[in-house]
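K.L.:
This is the structure I want to talk about, given as structure tokens.
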DNA sequence: CGCATCGCTGAGAGCGCTCCCTGATACTTC
DNA sequence: GAAGTATCAGGGAGCGCTCTCAGCGATGCG
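Protein chains in written order, with full-length UniProt numbering: chain S, 1 to 347; chain D, 1 to 347.
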């Protein structure tokens with residue numbers, strides 16, 4: 001472990017002494033320099049530089065009640081977080097935006113159900129200015145907890161339907177529209193027996209994609225819809241079910257790429273050619289999967305990094321509005337980002 | 001955005017008043033309760049409960065100079081972070097350990113070279129008690145910066161060779177040993193013309209795996225070593241090179257699964273059967289890839305989550321040692337975790 | 001029974017910062 | 001040239017907490 005320095009860091013006081021001004025003046029300079037004349041500003045800047053002064057954030061937030069920190073809560077069971085780069089991308093987007101606003105990112109990962117309380121306590125503790133929460137399960141207690149904690153929050157993905165979520169601000173992909181586009185593409189290809197492998201239906205994204213499928217296939221044979229769980233294994237299982245029930249299906253829309261890859265394996269195993277016999281479309285455009293399958297996967301892309309960036313932007317804007325208060329900036333409202341169909345080989 | 005509560009949170013003072021004791025006593029109870037008699041402890045506990053008191057961390061660290069927060073620095077170019085669940089798993093492990101010690105996880109993602117300065121400044125600013133740093137590139141300036149900042153740090157993966165890293169504590173997989181095991185397995189299979197696709201050689205893990213390969217294939221034909229970059233495309237490129245140079249090779253050890261998947265495609269494209277004609281082994285046991293390929297990938301597994309957990313544990317132990325100072329706990333030293341060969345279909 | 005000792009509680013200072021308010025200086029304006 | 005008005009710097013309080021130290025009652029021992 002690198003040795004920790006024992007030399008105490010310089011304080012405002014020290015900088016003030018060196019620059020020959022008062023603490024207050026240094027503080028003003030450090031915080032933007034308004035209302036201080038140029039020569040003094042310069043002197044203070046130099047003193048700061050020479051001493052390597054860095055403001056003590058603890059002391060600062062003690063009085064300002066701001067923390068310049070935002071919590072990112074990821075309350076996903078293990079599987080999902082590992083299986084795809086979804087969160088890595090979102091985090092990247094969030095990080096970029098927060099960095100641009102000098103805010104820190106405090107990451108809260110939950111480990112199992114009873115861990116929610118811990119997160120709730122932390123958020124209620126007022127350690128951060130706001131929270132970005134990924135809570136994609138309908139029965140998730142987190143939105144309620146957060147509502148109770150009174151922390152400004154933006155959700156990633158439309159949250160479930162607790163009381164606390166009614167007025168919630170969220171950023172989501174146009175799951176329903178994206179699904180519609182995928183299915184319409186299959187229709188345009190001349191496919192008529194189009195099946196759907198749903199995601200885990202306790203997640204709004206899965207429900208929305210299913211709704212999108214139904215929008216186009218208004219009276220789809222119920223046997224053409226099989227419930228999956230967003231995993232490759234679930235995709236395999238669902239695909240088998242579908243083929244057993246309707247051996248003559250000619251297209252499949254899977255609610256994500258991982259399940260599509262599973263479905264693909266089953267199709268191949270059954271000697272069906274993709275896309276000739278069965279056209280296949282996924283969702284997410286998860287590159288390591290979508291591009292690596294054979295044939296490569298036609299899929300619905302969502303701009304995940306942008307979602308993250310947008311979440312952070314909405315939150316920060318809301319915080320600024322709350323701080324500046326009455327008038328001017330107004331509280332942000334939810335945003336649904338468009339998706340695009342990426343045509344590759346599978347459909 | 002959920003509304004932010006305007007009611008100010010209760011202070012120590014308020015709890016003290018309610019319990020009919022002094023601030024100091026409440027503080028003692030909140031911080032473990034040593035040296036306070038049971039009836040009082042009980043009274044204070046109840047007051048805390050009733051008021052929903054949560055300590056103000058800012059005020060606390062202002063005096064203790066502790067933050068109960070650890071920075072996790074990920075200084076990777078985009079590609080790697082997205083391509084695999086590596087970091088998600090590490091983060092999970094780190095998070096578990098930190099949570100168990102009531103420490104927060106502050107995530108610092110760098111965006112490009114010039115961003116290192118920002119990270120350095122933040123760490124030097126004394127906002128966190130320590131840092132966990134992933135810095136796998138030989139020319140990375142980060143170790144130096146951190147050394148300069150004097151923040152207790154544990155590295156994920158053996159860092160490069162700056163002055164500041166000589167004494168660095170790190171947690172790494174036994175890349176060399178794992179590579180040796182993989183290659184020995186190929187030898188045991190009776191393969192003789194064994195090729196290696198290296199990772200990006202500016203990373204210690206790639207160098208170590210190459211060294212492991214060479215340990216077994218002491219005088220390998222240089223044409224049997226092709227430089228990759230840890231991406232599938234790089235794997236394809238390298239595989240083509242290898243086949244062009246040595247059409248008769250009968251085994252390939254790729255420095256990660258992603259490259260192995262690329263190599264696999266090229267092998268299939270050239271009409272070579274895996275494992276019959278060419279045996280193939282990857283590294284990482286990155287599930288979404290290793291299990292999904294056809295044939296599934298034999299690979300070297302590293303316990304990534306455990307690495308993360310261990311990093312956090314070492315750091316916290318070091319911090320405790322520094323705090324308790326002289327005697328008792330001693331500063332931790334680096335750890336290299338074993339790897340295991342996972343046999344699937346490709347070799 | 002008196003005195004030293006120990007255990008527990010409370011008073012108070014102060015961590016480093018921001019921000020209000022006062023005072024000083026420079027600049028109008030008549 | 002005096003009075004009024006901006007403009008800018010500094011003094012000081014206080015954010016909520018921890019921690020040292022003094023004090024006080026209870027206990028042990030001679």
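Glycine included, every Cβ here is placed at the ideal spot set by N, Cα and C.
With a threshold of 8 Å between beta-carbons, can residue 292/D be considered close to chain S, or not?
P.N.:
Yes, residue 292/D counts as interfacial toward chain S.
K.L.:
So residue 15/D and residue 44/D are in contact, right, with Cβ under 8 Å, and what is the actual spacing, rounded?
P.N.:
About 7 Å; that satisfies the 8 Å criterion.
K.L.:
Going by DSSP, what residues sit across from residue 301/D in a beta bridge?
P.N.:
DSSP, once it has assigned bridges, lists 284/D and 340/D as partnering residue 301/D.
K.L.:
Looking at the secondary structure, which residues open and close the alpha helix (DSSP H) in which residue 205/D lies?
P.N.:
Note, residue 205/D: alpha helix (DSSP H), 204–216.
K.L.:
Mind listing the chain D neighbours of residue 276/S? Cutoff is C-beta to C-beta under 7 Å, in chain order.
P.N.:
Those do not exist, as residue 276/S stays about 19 Å from chain D at its closest Cβ, beyond 7 Å.
K.L.:
Are residue 376/S and residue 74/S close, meaning C-beta to C-beta below 8 Å?
P.N.:
Because chain S spans 1 through 347 in this model, residue 376/S falls outside it and cannot be assessed.
K.L.:
Give a yes or no on whether 8 Å exceeds the smallest Cβ distance from residue 200/S to chain D.
P.N.:
Judged by the 8 Å Cβ criterion, residue 200/S is not in contact with chain D.
K.L.:
Which residues does DSSP pair with residue 94/S in a beta bridge?
P.N.:
In DSSP, residue 94/S forms no bridge with anything.
K.L.:
Cα separation between residue 326/D and residue 102/S?
P.N.:
The predicted position of residue 326/D is uncertain, since its pLDDT is 47 and thus under 50; no value can be drawn from it.
K.L.:
Let me check one thing: in DSSP terms, what residues is residue 170/S bridge-paired to?
P.N.:
DSSP, once it has assigned bridges, lists 155/S as partnering residue 170/S.
K.L.:
What are the boundary residues of the alpha helix (DSSP H) that residue 227/D is part of?
P.N.:
Element bounds for residue 227/D: not the alpha helix (DSSP H) but the beta strand (DSSP E), 225–227.
K.L.:
Could you list which residues in chain S have their beta carbon closer than 8 Å to that of residue 289/D, in chain order?
P.N.:
In chain order: 288 and 292.
K.L.:
According to DSSP, is residue 198/D part of a helix, a strand, or is it coil?
P.N.:
Looking at residue 198/D - three-state DSSP - the assignment turns out to be strand.
K.L.:
Measure the alpha-carbon distance for residue 283/S versus residue 264/S and round it to whole angstroms.
P.N.:
Cα to Cα, the separation comes out at about 14 Å.
K.L.:
Out of 183/D, 320/D, 21/D and 298/D, point me to the one whose CA is closest to residue 220/D's CA.
P.N.:
The candidate whose alpha carbon is nearest that of residue 220/D is 183/D.
K.L.:
Can you tell me the Cβ-Cβ gap for residue 212/S and residue 176/S, rounded? I've got them flagged as a contact below 8 Å.
P.N.:
Correct: roughly 4 Å between the Cβ atoms.
K.L.:
Alpha carbon to alpha carbon, what distance is there between residue 199/S and residue 23/D?
P.N.:
Taking the straight line from one Cα to the other gives about 54 Å.
K.L.:
Using a cut-off of 9 Å between C-beta atoms, extract the partners of residue 125/S located in chain D.
P.N.:
Going along chain D in sequence order, the residues near residue 125/S (Cβ under 9 Å) are 9, 54, 55, 56 and 57.
K.L.:
For residue 319/S, which residues of its own chain have a beta-carbon under 8 Å away from its beta-carbon, when the five flanking residues on both sides are left out?
P.N.:
Cβ within range, chain order: 129, 130 and 152.
K.L.:
Going along the chain, which residues of its own chain have a beta-carbon closer than 7 Å to the beta-carbon of residue 12/S, five neighbours each way excluded?
P.N.:
Closer than 7 Å at Cβ, skipping near neighbours: 23, 26 and 27.
K.L.:
Under the three-state reduction of DSSP, which class applies to residue 189/D: helix, strand or coil?
P.N.:
Correct three-state label for residue 189/D: coil.
K.L.:
Could you compute how far the alpha carbon of residue 93/S sits from the alpha carbon of residue 72/S?
P.N.:
The alpha-carbon atoms of residue 93/S and residue 72/S are separated by roughly 12 Å.
K.L.:
Which first and last residues belong to the beta strand (DSSP E) in which residue 57/S is found?
P.N.:
Residue 57/S -> not in any beta strand (DSSP E); alpha helix (DSSP H) instead, spanning 57–64.
K.L.:
Going by DSSP in three states, residue 88/D sits in which element: helix, strand or coil?
P.N.:
Here residue 88/D sits in helix by DSSP.
K.L.:
Please state whether DSSP places residue 136/D in a helix, a strand or coil.
P.N.:
Of the three classes helix, strand and coil, the one that applies to residue 136/D here is coil, per DSSP.
K.L.:
Quick check: the segment 307–316 of chain D against the segment 263–277 of chain D, are there 3 or more CB pairs under 8 Å?
P.N.:
Taking 8 Å as the limit for Cβ pairs, the verdict is that the segment 263–277 of chain D does not touch the segment 307–316 of chain D.
K.L.:
For residue 319/D, which of helix, strand or coil comes out of DSSP?
P.N.:
Three-state DSSP puts residue 319/D in a helix.
K.L.:
Check the Cβ of residue 104/S against every Cβ in chain D and list those closer than 7 Å, keeping chain order.
P.N.:
Within 7 Å Cβ-Cβ: 106.
K.L.:
In this structure, does DSSP put residue 326/D in helix, strand or coil?
P.N.:
Only weak support exists for where residue 326/D lies, its pLDDT of 47 falling under 50; the value from the coordinates is given anyway. If DSSP states are grouped into helix, strand and coil, residue 326/D belongs with coil.
K.L.:
Among the candidates 322/S, 331/S, 304/S and 316/S, whose CA atom is the shortest distance from the CA of residue 337/S?
P.N.:
Of the candidates 322/S, 331/S, 304/S and 316/S, the one whose C-alpha sits nearest the C-alpha of residue 337/S is 304/S.
K.L.:
Taking residue 344/S and residue 298/S to be in contact with their CB atoms under 8 Å, please state how far apart those CB atoms are, rounded to whole angstroms.
P.N.:
The pair is a contact, with the Cβ atoms about 5 Å apart (cut-off 8 Å).
K.L.:
State yes or no: is the C-beta of residue 76/S within less than 8 Å of the C-beta of residue 134/S?
P.N.:
Cβ atoms of residue 76/S and residue 134/S: closer than 8 Å.
K.L.:
Using the beta-carbon of each residue, which ones in chain S are nearer than 7 Å to residue 173/D?
P.N.:
Within chain S, no residue comes near residue 173/D; the closest Cβ sits about 17 Å away, beyond 7 Å.
K.L.:
Shorter than 8 Å from the beta carbon of residue 62/S to some beta carbon of chain D?
P.N.:
So yes, residue 62/S belongs to the interface.
K.L.:
Can you name, in chain order, every residue of its own chain whose Cβ lies under 8 Å from the Cβ of residue 21/S, other than the five neighbours on each side?
P.N.:
Excluding residues within five positions, the ones whose Cβ falls inside 8 Å are 40, 43 and 44.
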